[in-house]
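The next block holds one structure in the form of structure tokens; read it before the comments.
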Amino acid sequence: MIRRVFPDSAETTIEQAYDAPLGAPSGRPWVGLCMVSSIDGSTVVDGRSTELSSANDLALLLGLRRLADVIIVGAGTVRGEGYGPPDIAGQRVGVVTASGRVDTSLPLFTSGAGFLITTDNAKVADNVDSIRAGTARVDLQAAVSRLHEVHPTPRFVQVEGGALLNGAALDADLFDEINLTTSPLCVGGAGPRLATGATDLALRFELAQMVIDDQSFVFSRWKRSH
Ligand SMILES: NC(=O)c1ccc[n+]([C@@H]2O[C@H](COP(=O)([O-])OP(=O)(O)OC[C@H]3O[C@@H](n4cnc5c(N)ncnc54)[C@H](OP(=O)(O)O)[C@@H]3O)[C@@H](O)[C@H]2O)c1
């Protein structure tokens, strides 16, 4: 059973609870972050997120993915977890990298879906599309505002981690919404938290929705408040 407990109390489904982004683009695409974390704040078990997830969490991830025109993911996650081509025709997947250490012979790229988001002078493979923005690090706001170069109508962008990319995105105040699954596990270890490497910040978000399931997973949706 899945129950919405905020903003009201009612039975629901993952599909209903995640049927649309929390807002619309204005000037640039609407950007959401989708992540799962343990109770004690880790985003990995043995270097991967799989152990933290569940069937409902996967349904959530895939549901939001279906709404996305562009997915953005860090090169570390692609190197560690692998990333296949998307199921949605026309959807693009941008891999953020400064080093260029991304295997563009993977199906993600040979399918035509994958592209690189990198810095002005980075040495990256030239057999795939790329958006260059920023000098030492990628300027994520600038890159997102130029996604029309790789997609005709980029309205909703889903960022899927990992922690270093999320930290850079928080520094850039990139997220309009955060979709966070809290897994009912304490996992210890030294795994990365939701965001690593950001400067000290106080970006305020308001709770838009909270859903719970009968396996003690908590699914929260947070909207940036300005
Ligand atoms: N729990 C979850 O929901 C979840 C989701 C995703 C990932 N994960 C886990 O997180 C781990 C990976 O996280 P991570 O923090 O190590 O890696 P990451 O954030 O996926 O990728 C980090 C890399 O992305 C590039 N990058 C990020 N921000 C950049 C910027 N502003 N400018 C230029 N390049 C930038 C750099 O690539 P280069 O090194 O190529 O320059 C950097 O080393 C994996 O273990 C994965 O399983 C968990």
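Heads up: the sequence shown begins at 57 in this note's numbering, then just goes up one per residue.
All C-beta atoms, glycine included, are put in the ideal place defined by N, C-alpha and C.
Sequence-distant residues of the same chain with beta carbon closer than 7 Å to residue i, five excluded per side
i	result
leucine 230	Val87, Leu196, Gln197, Val200
Residue i to residue j span [Cα, whole Å]
i	j	result
phenylalanine 171	serine 186	5 Å
glutamine 214	threonine 237	15 Å
leucine 116	isoleucine 268	12 Å
glycine 79	arginine 277	12 Å
proline 81	serine 93	27 Å
aspartate 256	isoleucine 128	23 Å
arginine 135	glycine 218	11 Å
alanine 192	threonine 69	43 Å
glycine 244	arginine 157	30 Å
phenylalanine 273	leucine 123	22 Å
valine 151	serine 161	14 Å
serine 98	phenylalanine 275	16 Å
aspartate 96	cysteine 242	5 Å
glycine 168	valine 184	8 Å
The beta strand (DSSP E) enclosing residue i, as first and last residue numbers
i	result
glutamate 216	Glutamate 216 -> no beta strand (DSSP E), and no H or E assigned at all.
glutamate 233	233-239
phenylalanine 62	58-62
threonine 174	170-174
phenylalanine 275	274-280
valine 200	Element bounds for valine 200: not the beta strand (DSSP E) but the alpha helix (DSSP H), 196-201.
Chain B contact for residue i (CB, 8 Å cutoff)
i	result
serine 98	Annotation note: the requested chain B is absent from the structure, which comprises a single protein chain.
Bounding residues of the alpha helix (DSSP H) (the contiguous stretch that carries residue i)
i	result
alanine 264	Taken as a continuous stretch (DSSP letters only), alanine 264 belongs to no alpha helix (DSSP H), being part of the beta strand (DSSP E) at 261-269.
Own chain, CB closer than 6 Å to residue i, minus 5 neighbours either side, in chain order
i	result
alanine 66	Arg60
serine 109	Val92
arginine 202	Ile187
Cut-off 8 Å between Cβ atoms - residues of its own chain near residue i, not counting five sequence neighbours on either side
i	result
serine 155	Ala131, Ala178
- Count the CB pairs spanning the segment 72-89 and the segment 172-179 that are closer than 8 Å, and state whether there are at least three. Judged by Cβ distances under 8 Å, the segment 72-89 makes no contact with the segment 172-179, as fewer than three pairs qualify.
- Segment contact flag, the segment 216-231 with the segment 242-260, C-beta cutoff 8 Å, min 3 pairs: Verdict: yes, contact present.
- Message: Three or more C-beta pairs under 8 Å: does that hold for the segment 94-109 against the segment 145-156?
- Response: With a cut-off of 8 Å, the segment 145-156 and the segment 94-109 do not count as touching, because too few Cβ pairs lie within range.
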